[in-house]
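Residue numbers (this note's numbering): 1 to 131.
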């Protein structure tokens, strides 16, 4: 089987979702292979739940991820895994750009979105500003 190229594309902002670009989209129903996406958060928070493991490789920035009562902090070069069936909350007070890999979804169960929010700047963020 020959190699397959998946072209780069711009990160697209979708209303009520973070900006992103799917190289190999997750699609609907059964998926024996992985899905691969690039996405970013800019002062935003995203919460979702998947029937498959999700891995996020931080390309740039500073990402926080919480699930099952545990919060981890990830920086450029780190990978964070959210296990199948867990609700994951991802947030970047300033900026984070990631590559997300979804494990196979052989049972075809659906993912669920729980929340998308813009984060309010902290008092420290505006302490040095002159408005």
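We put the beta carbon where it would ideally sit given N, CA and C, even for glycine.
(message) Using a Cβ-Cβ distance cut-off of 8 Å, determine whether residue 119 contacts chain D.
(response) The displayed structure is made up of one protein chain only, and chain D is not part of it.
(request) Keeping to the same chain, check which residues put their C-beta closer than 7 Å to that of residue 131; ignore five residues upstream and five downstream. (result) Per-residue confidence for residue 131 stands at a pLDDT of 39, beneath the threshold of 50, marking its modelled position as unreliable; the derived number appears in the next sentence. Counting only Cβ-Cβ distances below 7 Å, and skipping sequence neighbours, we find nothing.
(message) Only counting the same chain, and skipping five residues up and downstream in sequence, which positions put a Cβ closer than 8 Å to that of residue 43?
(response) 92, 93, 94, 95, 118, 119, 121
(message) When you compare the stretch 97–106 with the stretch 52–60, are there three or more beta-carbon pairs, one atom per stretch, that lie closer than 8 Å?
(response) yes
(request) Please state whether DSSP places residue 86 in a helix, a strand or coil. (result) coil
(request) Could you tell me which uninterrupted beta strand (DSSP E) segments, each at least 3 residues in length, are contained entirely in the stretch 48–111, listed from first to last along the chain? (result) 54–67, 70–75, 79–82, 87–92, 96–102
(message) With H, G and I counted as helix, E and B as strand and the rest as coil, what does DSSP make of residue 37?
(response) strand
(message) Judging by CA-CA distance, which residue of 21, 76, 82, 34 is the nearest neighbour of residue 69?
(response) 82
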